[in-house]
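All remarks here apply to the structure that follows.
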Amino acid sequence: MKMNKQRGVTMIELLIVVAVIGIIAAIAYPSYTDHILKSHRNQAMADMMKIQLTLEEEYNNSGNYNKSIVKNGTCAFCESDPNRYQLSVDKTGSGQNVYIVSAIPQKKSGQDKDTCGTLSLNAAGMGSASGSSNCW
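In structure tokens form, the structure reads like this:
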């Protein structure tokens, strides 16, 4: 008697593949979201440096800082998503050359889950973060 062998995938093999895909997804997704948060943070930091350079250039040309280059949390030449970070330039202290550029993470986009929190860059070029200390 000749036996016919059926071809195909057994249910066990299919369950093993689904389990492996689930394990890979459980590891990869948090890493992916961390990468997205970090890339938006890096873009906000780059924009903060652009704002600082523009402020210093304005100061060299006119003797004053034009803090109005940031309006409604964004600036014309910035590339960061205003739904991720709201940018601001504020005067700090009583000097002409005292300012701080800030990037505040926004809750609606999930950027507030970034461990760095609010990013700040002062007139001396020193960066800081309200959360983790190794963000700059």
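Under my numbering, think of the first position of the sequence shown as 5, with each following residue one higher.
Just so you know, even glycine gets a beta-carbon here, dropped at the ideal spot from N, CA and C.
Taking only the alpha-carbon atoms, compute the straight-line gap between residue i and residue j and give it to the nearest angstrom.
i: ASN70; j: LEU59; result: 6 Å
i: GLU61; j: PHE81; result: 14 Å
i: LEU57; j: ALA30; result: 42 Å
i: LYS75; j: LEU91; result: 8 Å
i: ASN87; j: GLY114; result: 9 Å
i: MET52; j: VAL21; result: 46 Å
i: SER137; j: THR14; result: 52 Å
i: SER72; j: ILE27; result: 50 Å
i: SER132; j: ALA50; result: 14 Å
i: ILE40; j: ILE25; result: 22 Å
i: GLY129; j: GLN110; result: 24 Å
i: CYS139; j: GLY12; result: 52 Å
Of all the options the options, which has the alpha carbon lying nearest to the alpha carbon of residue i?
i: ASP94; options: LEU57, VAL105, PRO86; result: VAL105
i: ASN46; options: SER134, ILE28, GLU83, GLY135; result: GLU83
i: SER43; options: ASP118, ASN138, SER136; result: ASP118
i: HIS55; options: THR37, LYS6, ASN126; result: Looking at the sequence provided, one finds Ile at residue 55 rather than His. When only C-alpha atoms are compared, the closest one is ASN126.
i: ILE108; options: LYS6, ALA23, ASN138, GLY77; result: GLY77
i: ASP85; options: LYS112, THR96, ASN68; result: LYS112
i: ASP38; options: ASP116, ASN8, SER134, ALA128; result: ASP116
Can the beta-carbon of residue i be found less than 7 Å from the beta-carbon of residue j?
i: TYR89; j: ALA48; result: yes
Per the DSSP calculation, residue i is bridged to which residue(s)?
i: GLN90; result: ILE108
i: ASN126; result: ILE104
i: SER137; result: Partner(s): none; SER137 has no beta bridge.
(message) Please give me, in chain order, every unbroken run of the alpha helix (DSSP H) with length at least 4 that falls completely inside the stretch 17–100.
(response) none
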